[in-house]
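2 protein chains.
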Amino acid sequence: MAQTLRIPRSDNRLPQILDEAARLFREKGYAATSMRDIAAAVDMLPGSLYYHFAAKEDLLVAVYEQGVRLITEKVRAAIARHEEPWHRLEAAAVAHLEALLKTGDYALVVIRVLPQDVPKAAARLVRLRDGYDALFAELVAALPLPPETDRQSFRLLLLGALNWSQHWFRDSGRHSPRSIARSFLRLLREAQQP
Amino acid sequence: MAQTLRIPRSDNRLPQILDEAARLFREKGYAATSMRDIAAAVDMLPGSLYYHFAAKEDLLVAVYEQGVRLITEKVRAAIARHEEPWHRLEAAAVAHLEALLKTGDYALVVIRVLPQDVPKAAARLVRLRDGYDALFAELVAALPLPPETDRQSFRLLLLGALNWSQHWFRDSGRHSPRSIARSFLRLLREAQQP
DNA sequence: CTATAAAGCAAACAGTCGTTTGTTTTGTTT
DNA sequence: AAACAAAACAAACGACTGTTTGCTTTATAG
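One line per chain: the protein sequences are A and B, in this order. 0 is the number of the first residue of the first sequence in numbering that gives the first Met the number 0; add one for each residue after it. 0 is the number of the first residue of the second sequence in numbering that gives the first Met the number 0; add one for each residue after it.
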């Protein structure tokens, strides 16, 4: 009677399912990835996935949640190491881009799969994103900018450019996520303090 | 014998097909849009579409081509009206964003549908995009920037931010595509010339 | 060792997908 | 009016979709 829930099996395969789902969602997109694709990747039968998730959209939401959590943690840890507002923003930009381009699949799903692609889960996905956006808004708010500077545009410019980098970034070149983020921030900073 | 091809019927419905395909591809994405969706939108039977296009991917490529052509024309016309490099770039940015956010479906398909979403047509789509990118590269090359400025990063920063705006822009607010583009450019310009 | 619940298998459901085929309608040209 | 091609219909093909159901395996708890 005291025991209401049994301890789940140790070799749980749920992490593996999430990993492969994240990989496939990011590679082919949500709609083009079938439950059978995911099942095959984890060497399972399609129906077995429904023991872990009630529907395909729920699997996406789970991946999405983990992606947002991962980016948020990386960014929070990075900015905690600095005091000066510009340094904090730069650290955040670097962490954000490294989470996207190096950590891999989970984070990329967050900016690759659009909420409108999954109508039934759109509200949940948007809520997850908004929480993260607020973090950057705070960082920009703390910057010592000229009073006439539009801080909202500033944030959208920076974050948009960072997110778009998924489309052209190739790991081969001399550019690293860190150098790209720094380069972007330098272009923005020099403009604001002569 | 002299006549090899008959003049096509005047009330051709091909433009209508492209219009609806563009609308649906931009609303739901490529994979989530079915040939039946498109056929229903133009009040046709699914099979009839195959008189105009050999495959779904070819329909996408046709929409994509028109989208790229549309943006390119708008931008070319806009920059032709200015001489000074910064003014030319600003005109291009405004035209680019207006093409995306006002002209509508065709242009948005170009930045919404990723080449990797359509493996069989990916090469064709990338080729179309690259031609356009070169246009912006020229504009940035003409700017009178300090010698240490990284012009490639400059271009990627601006274009990325512009393209990403599709995700947050809402037509309701005080912000217009024009004001956004100008705002972005001001943030970038002030940094480069004290 | 046995009871029990977690986890997965096996097989199918109804529906949708892109596409093909043969035929019919429609408009234009002569 | 006859000839002909453009354009669309009507109907189906096999493959694939997300999901459900009932049964079996497997590990843990008492």
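Backbone N, C-alpha and C define an ideal beta-carbon position, used for all residues, glycine too.
Asked, Found
"Would you say Phe135 of chain A reaches chain B, if we count a Cβ-Cβ gap shorter than 9 Å as a contact?", "no"
"Between the stretch 40–59 of chain A and the stretch 48–67 of chain B, do at least 3 Cβ pairs fall closer than 8 Å?", "no"
"Rounded to a whole number of angstroms, what is the C-alpha to C-alpha distance between Leu96 of chain A and Pro176 of chain A?", "6 Å"
"Report yes or no: is there a C-beta of chain B within less than 9 Å of the C-beta of Gly159 of chain A?", "yes"
"Between the stretch 15–23 of chain A and the stretch 34–54 of chain A, do at least 3 Cβ pairs fall closer than 8 Å?", "yes"
"Please say whether Arg169 of chain A and Trp85 of chain A have beta carbons closer to each other than 9 Å?", "no"
"Thinking C-beta only, is Thr32 of chain A closer than 9 Å to Val134 of chain A?", "Correcting the residue identity first, residue 134 of chain A is Leu in this sequence and not Val. Contact: no."
"To which residues of the same chain is Val67 of chain A closer than 8 Å at the C-beta, ignoring the five residues directly before and after it?", "Val109, Leu127, Arg128, Gly130 and Tyr131"
"Name the chain B residues that come within less than 8 Å of Asn11 of chain A, Cβ to Cβ?", "Result: empty, since nearest Cβ-Cβ is about 31 Å, beyond 8 Å."
"Check whether the Cβ atoms of Leu142 of chain B and Arg150 of chain B sit closer than 9 Å, and answer yes or no.", "yes"
"For Ala20 of chain B, collect the residues of the same chain with a Cβ closer than 7 Å to its Cβ; drop the 5 residues on either side in sequence, then sort them by chain order.", "Ile37, Leu58 and Val62"
"Below 8 Å between beta carbons is the criterion; list the residues of the stretch 151–179 of chain B that meet it against any residue of chain A, in chain order.", "Ser152, Phe153, Leu155, Leu156, Leu157, Leu158, Gly159, Ala160, Leu161, Asn162, Trp163, Ser164, His166, Trp167 and Ile179"
"Step through the CB atoms of chain A and report whether any lies within less than 9 Å of the CB of Glu19 of chain B.", "no"
"So the alpha helix (DSSP H) Ser47 of chain B belongs to, where does it begin and stop?", "Neither: Ser47 of chain B is in no alpha helix (DSSP H) and is coded neither H nor E."
"Tell me the rounded alpha-carbon separation between Gln2 of chain B and Asn11 of chain B.", "The predicted position of Gln2 of chain B is uncertain, since its pLDDT is 36 and thus under 50; a value taken from the coordinates is nonetheless stated next. Whole-angstrom Cα-Cα distance: 21 Å."
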